[in-house]
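Each residue of the sequence shown is one higher than the one before, starting from 13 at the first, in the working numbering.
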Amino acid sequence: MMLLLYEEGLRVVIHTSNLIHADWHQKTQGIWLSPLYPRIVHGTHRSGESTTHFKADLISYLMAYNAAPLKEWIDTIQEHDLSETNVYLIGSTPGRFQGNQKDNWGHFRLRKPLGRPSVRV
């Protein structure tokens, strides 16, 4: 994943490989590039959340790593309007999850959007 911050806004890039030569050289990979997310105008009462809850899921994914350097990126994401996002984020994080936590990540998480009625986008 890449988080790209510009003067004009924020862009999220999600790809299927690691950022190492062996994963990219002469191999087919998938990549999703977000729209350019504008900053939320101060004083407005907008959350910048999408109907797919992409913003909350992205923040939860980053928080799952429990890494202090990611706090700045989490704050940056919260300052931007991701409401135009029409995809779901299905994150996979290190660890073993049980109970309610197992539904937050990986193939168990995939059940949520697949169980919802489809909406044409």
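Virtual Cβ for every residue (Gly too), placed ideally from N, Cα, C.
Query - C-beta atoms of L70 and I43 nearer than 9 Å - result: no
Query raised in the report: When the Cα atoms are used, what is the spatial distance from Y77 to S104?
Result: For the pair Y77 and S104, the Cα-to-Cα distance works out to about 11 Å.
Query raised in the report: Would you report the Cα separation of E19 and T56, rounded to the nearest angstrom?
Result: Going by C-alpha positions, E19 is about 20 Å away from T56.
Query raised in the report: Going by DSSP, what residues sit across from H27 in a beta bridge?
Result: I43
Query - Proximity to V99 [Cα-Cα], best of H33, K39, P47, E84 - result: P47
Query raised in the report: Are V24 and Y49 close, meaning C-beta to C-beta below 9 Å?
Result: yes
Query raised in the report: What number of angstroms, rounded off, separates the C-alpha of K39 from the C-alpha of H54?
Result: 44 Å
Query - Residue from K114, L22, M14 with nearest C-alpha to E91 - result: It is L22 whose Cα lies nearest to the Cα of E91.
Query raised in the report: In chain order, what residues of the same chain have a beta carbon less than 6 Å from the beta carbon of L122, not counting five sequence neighbours either side?
Result: I102
Query raised in the report: What residue range is occupied by the uninterrupted alpha helix (DSSP H) comprising L70?
Result: 66 to 76
Query raised in the report: Applying the criterion that 16 or more other CB atoms from any shown protein chain within 10 Å of the CB defines a buried residue, is T63 buried or exposed?
Result: exposed
Query raised in the report: Of the choices I86, K114, F66, whose alpha-carbon is the least far from that of E96?
Result: F66
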